[in-house]
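**Student:**
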Amino acid sequence: VNTNVDLPPVISHIPTDQKICFLTIDDGAEKDPAFLQMVKDFRIPITMFLADIFIQDDYNYFTQLRDTGYCTIQNHTLHHPDMPTLSAARQLSEVTGQQQKLVKTYNTHPYLFRAPFGNTNKATQEACKQNSLKAICYWRASFQKQGFQWQAADKKLRPGDILLAHFRGPKANGKGWPEMHELMTNLFRIVQQQGYTFARLEDYV
Ligand SMILES: [Zn+2]
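Mind the numbering: the sequence shown is residues -11 to 193 in this note's numbering, read in order.
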């Protein structure tokens, strides 16, 4: 991905011929201990886009995920607002504020951004640029309770797809939700059935 451009580009996939895809998991609301163990067992690279409002009750859960060596931490704003509805100054404070928190809390320097709800405008790109964020990551398929919601009509993965999932489960989302590790088992099965493997997004951007 060419990030040597004037404003950080919005990307939804990585150009490649290989049957690889990229798992991104957003927000941080559900904190399932069994998922932590699953990450260690499955050894699947995951990019976590974390918003402070969802993780502030337990920063340590994400420290533990980071410490597995399979999960990286990237920027998803402080309060998860719909960015284009905010002024440029408020967008900047959402991005900068979260960047500073992540640097301080996790001693890591995020360089990717995901906009809440995927919504961006030029001020979002400017705010990312000012924080040295190189790309804004959109997605080509999003994973819901009942499976993937595909952008592609044939409901198939394509090489280089960026996949969106969330930290969700019964504690954060209420009874009726499977545990996070059960949701992810389902996701892994679908990806495997289609003959794909996971790669690390940060190795390509
Ligand atoms: Zn989000």
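Where is the CB? At the ideal position from N, CA and C, for every residue including glycine.
Just so it is clear, the structure is predicted and the values come from calculations on it, not from any experiment.
Round the Cβ separation of residue 71 and residue 62 to the nearest angstrom and send it over; I've been treating them as touching at under 8 Å.
**Tutor:** Along the sequence shown, one-based indexing puts residue 71 at 83. Along the sequence shown, one-based indexing puts residue 62 at 74. Their Cβ separation, rounded to whole angstroms, is 16 Å, which puts residue 71 and residue 62 out of contact at 8 Å.
**Student:** Taking the alpha-carbon positions, what's the residue 11 to residue 18 distance?
**Tutor:** By 1-based counting over the sequence shown, the position of residue 11 is 23. By 1-based counting over the sequence shown, the position of residue 18 is 30. Near 17 Å, if we compare the C-alpha coordinates of residue 18 and residue 11.
**Student:** Between which two residues does the beta strand (DSSP E) containing residue 162 stretch?
**Tutor:** By 1-based counting over the sequence shown, the position of residue 162 is 174. Run containing residue 162: none; DSSP gives neither H nor E here.
**Student:** Name, in chain order, the residues that DSSP records as bridge partners for residue 116.
**Tutor:** Taking the first residue of the sequence shown as position 1, residue 116 is located at position 128. Answer by DSSP bridge pairing: none, since residue 116 is not bridged.
**Student:** Between residue 145 and residue 180, how many whole angstroms is the CB-CB distance? I'm expecting something under 8 Å.
**Tutor:** To locate residue 145, count along the sequence shown from 1; it is residue 157. To locate residue 180, count along the sequence shown from 1; it is residue 192. About 11 Å; that fails the 8 Å criterion.
**Student:** According to DSSP, is residue 121 part of a helix, a strand, or is it coil?
**Tutor:** Taking the sequence shown and counting its residues from 1, the one referred to as residue 121 is at position 133. Coil, per DSSP.
**Student:** Tell me which residues share the same chain as residue 176 and place their Cβ nearer than 8 Å to its Cβ, disregarding the 5 neighbours each side in the sequence.
**Tutor:** In the sequence shown, the residue the question calls residue 176 occupies position 188. Hits under 8 Å: 30 and 32.
**Student:** Starting from residue 135, trace the beta strand (DSSP E) in both directions and tell me its first and last residue.
**Tutor:** For the purposes of this step, residue 135 is taken as residue 147 along the sequence shown, with counting starting at 1. Per DSSP, residue 135 belongs to the beta strand (DSSP E) from 135 to 138.
**Student:** Below 8 Å CB to CB, which residues in the same chain sit around residue 67 once its five sequence neighbours on both sides are set aside?
**Tutor:** Position 79 of the sequence shown, counted from the first residue, corresponds to residue 67. Result list for residue 67: 39, 40, 41 and 82, in chain order.
**Student:** Based on the DSSP output, what are the partners of residue 103 in its beta bridges?
**Tutor:** Position 115 of the sequence shown, counted from the start, is the residue given in the question as residue 103. Paired residue(s): none; residue 103 is not in a bridge.
**Student:** Buried or exposed: residue -4, going by 16 or more other Cβ atoms within 10 Å of its Cβ?
**Tutor:** Indexing the sequence shown from 1 puts residue -4 at position 8. Burial call: buried.
**Student:** With respect to 7 Å, is the separation between the Cβ of residue 68 and the closest non-hydrogen atom of ligand 1 below this value?
**Tutor:** Residue mapping note: residue 68 aligns to position 80 of the sequence shown, counting from 1. Because some heavy atom of ligand 1 lies under 7 Å away, the Cβ of residue 68 counts as near it: yes.
**Student:** Can the beta-carbon of residue 184 be found less than 8 Å from the beta-carbon of residue 7?
**Tutor:** Here residue 184 refers to the residue found at position 196 of the sequence shown. Here residue 7 refers to the residue found at position 19 of the sequence shown. In contact: residue 184 and residue 7 (Cβ atoms closer than 8 Å).
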